[in-house]
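Take any residue in the sequence shown, count from 1 to its spot, add 1: that is its number in our numbering.
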Amino acid sequence: MLLALLTEERIQDLLAMPKSVVNKGAREIKDGKSYRLEYRAVAREADEEFVVFVRRHVDMEDNFTAGLRWMPKSGEPVILMRCNGGSHPHTNQLEKTGFPVGRCHVHVATERYIAAGKNAEHYAEITSDFQTHNGALHTLCRMCNILNLDTGPDEPDLFRK
Numbered sequence: 002m003l004l005a006l007l008t009e010e011r012i013q014d015l016l017a018m019p020k021s022v023v024n025k026g027a028r029e030i031k032d033g034k035s036y037r038l039e040y041r042a043v044a045r046e047a048d049e050e051f052v053v054f055v056r057r058h059v060d061m062e063d064n065f066t067a068g069l070r071w072m073p074k075s076g077e078p079v080i081l082m083r084c085n086g087g088s089h090p091h092t093n094q095l096e097k098t099g100f101p102v103g104r105c106h107v108h109v110a111t112e113r114y115i116a117a118g119k120n121a122e123h124y125a126e127i128t129s130d131f132q133t134h135n136g137a138l139h140t141l142c143r144m145c146n147i148l149n150l151d152t153g154p155d156e157p158d159l160f161r162k
């Protein structure tokens, strides 16, 4: 599928379809200053394949991402969603809105960013659903209907405002 044909409706369908991880025993590997982990996931009913990925910085605990990459049968892979730590500021270029360092956020692929020639998943919104890479993975699984990974939400931070 050509990236230009990826509509909002198709993006939402891809996010919502039930997905099962087929390599739950995947192991984290060190890659420079980060640890990386990748799971393969399938949506059997729709015959679609995905990669669930997690990256976390060795030293900076707020520098992490958990994401879902769609692997279409034809065309380039597309990141549909990323749950990021607050290690960096972000600006939504089309809306000219953004937020500072320290805010965890969720990136979602949108048709309008694709049409503008930007990364599909550039648009992001602030979230309080997670503060760690494990919480980000749990949020990703919940938001993207990934059914069989053993994850848990972050514990509430009683000192966070």
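In this text, a Cβ means the ideal position worked out from N, Cα and C, and glycines have one as well.
By alpha-carbon distance to phenylalanine 65, the top candidate from Gly103, Asp48 and Ala44 is Gly103. Of the candidates Gly136, Pro154, Asn146 and His89, the residue whose Cα lies closest to the Cα of alanine 44 is Asn146. Boundaries of the beta strand (DSSP E) harbouring aspartate 32: 30-32, taken from the DSSP string. Of the candidates Lys25, Pro19, Val55 and Lys20, the residue whose Cα lies closest to the Cα of threonine 133 is Val55. Linking isoleucine 127 to glutamate 46 through their CA atoms gives a straight-line distance of about 32 Å. The Cβ atoms of glutamate 122 and leucine 81 sit closer than 8 Å to each other. The residues Arg56, Arg57, His58 and Val59, in chain order, have a CB closer than 7 Å to that of serine 35 in the same chain once the five nearest residues on each side in sequence are set aside.
When only Cα atoms are considered, proline 90 and alanine 125 end up about 11 Å apart.
Closest by C-alpha distance to histidine 106, out of Tyr114, Asn93 and Asn85, is Asn85. Residues of the same chain with a CB within less than 6 Å of the CB of glutamate 9, apart from the 5 flanking positions on each side, are Glu112 in chain order. Note on geometry: alpha-carbon atoms of serine 129 and valine 79 lie some 25 Å from one another.
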